[in-house]
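Working notes, beginning with the structure itself.
Residue numbers (our numbering), protein chains in the order written: chain A, 1 to 112; chain B, 113 to 226.
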């Protein structure tokens with residue numbers, strides 16, 4: 001079946017611009033996670049959605065970062081006023097709320 | 113706070129040789145532990161997981177891992193490495209319980225020499 005998909009696969013933007021990254025989870029998965037992978041920091045948790053519960057935003061690095069999940073399915077991660085340190089690969093994962101998270105291929109973001 | 117340490121940044125193994133990748137964790141209760149592999153340009157693929165029961169777990173691609181509570185370790189092993197195993201390997205622990213966010217180690221890059 002279809003896995004987790006993310007778009008765009010690559011994004012180049014200028015410092016100060018806003019960007020939106022999209023994640024389509026596996027159909028039926030109630031849990032959705034965003035992580036960031038960068039050279040300096042490794043893999044970091046950003047935000048976690050589970051069903052209709054309030055999201056766990058504890059990993060968001062600043063208030064420039066936000067995410068929403070519409071209809072319990074697709075999620076959008078928004079970065080406002082991008083900075084060069086935001087350059088990273090943004091990974092989305094989904095799951096049933098159990099142990100296993102299935103990862104998408106990621107969006108590679110480059111802020112110039 | 114929970115944490116994961118992978119002491120080896122880079123390991124080179126000859127094809128056909130055995131492999132062991134080290135992982136140490138810090139967690140107060142019984143941990144949910146995972147090993148993921150990431151090939152160049154690819155997403156993360158789950159190799160295996162442990163959350164209870166038998167401390168030796170089998171995964172895909174011939175990998176296994178052993179949970180040792182006394183050593184706070186969850187080392188990944190493979191008896192005979194193939195060139196296609198060259199990738200980056202990440203150990204992770206669930207932050208609170210199953211289904212919650214994962215805390216990852218910094219990763220170990222495996223190179224396979226012929």
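Every residue, glycine too, gets a C-beta built ideally from N, C-alpha and C.
Keep in mind the model is a prediction, meaning the values are calculated, not measured.
Any idea if residue i is buried or exposed, counting beta-carbon neighbours within 10 angstroms, 16 or more meaning buried?
i: residue 181/B; result: exposed
i: residue 124/B; result: exposed
i: residue 141/B; result: exposed
i: residue 75/A; result: buried
For residue i and chain A, any beta-carbon pair shorter than 9 angstroms?
i: residue 214/B; result: yes
i: residue 131/B; result: no
i: residue 204/B; result: yes
When you compare the CB of residue i with every CB in chain B, is at least one pair closer than 9 angstroms?
i: residue 59/A; result: yes
i: residue 103/A; result: yes
i: residue 109/A; result: no
i: residue 48/A; result: yes
i: residue 70/A; result: no
Identify the continuous beta strand (DSSP E) that holds residue i and give its terminal residues.
i: residue 157/B; result: 156–162
i: residue 39/A; result: Segment: none, residue 39/A is in no beta strand (DSSP E) and carries neither H nor E.
i: residue 112/A; result: It is not in any beta strand (DSSP E) - residue 112/A carries neither H nor E in the DSSP assignment.
i: residue 195/B; result: Taken as a continuous stretch (DSSP letters only), residue 195/B belongs to no beta strand (DSSP E), as it is neither H nor E.
i: residue 90/A; result: 88–95
Which residues in the same chain as residue i place their Cβ atom closer than 7 angstroms to its Cβ, once the five residues preceding and following it in sequence are excluded?
i: residue 50/A; result: 30, 31 and 97
Within a Cβ cutoff of 6 angstroms, which residues of the same chain sit near residue i, ignoring the five residues on either side of it in sequence?
i: residue 24/A; result: 5 and 74
Excluding sequence positions up to five away, which residues of its chain have a Cβ less than 8 angstroms from the Cβ of residue i?
i: residue 174/B; result: 190, 191 and 192
i: residue 72/A; result: 30, 51 and 52
i: residue 164/B; result: 142
Count the C-beta pairs between the stretch 103–111 of chain A and the stretch 82–93 of chain A that are closer than 8 angstroms, then say yes if the count reaches three, no if not.
Under the three-pair Cβ rule at 8 angstroms, the stretch 103–111 of chain A counts as touching the stretch 82–93 of chain A.
If you pair each beta-carbon of the stretch 150–169 of chain B with each one of the stretch 129–137 of chain B, do three or more pairs fall below 8 angstroms?
no
At a cut of 8 angstroms, does the stretch 17–33 of chain A reach the stretch 98–107 of chain A through at least three beta carbon pairs?
yes
Please determine if the stretch 36–47 of chain A and the stretch 8–26 of chain A are in contact, where contact requires at least 3 C-beta pairs separated by less than 8 angstroms.
No: the two stretches stay apart, fewer than three of their Cβ pairs being nearer than 8 angstroms.
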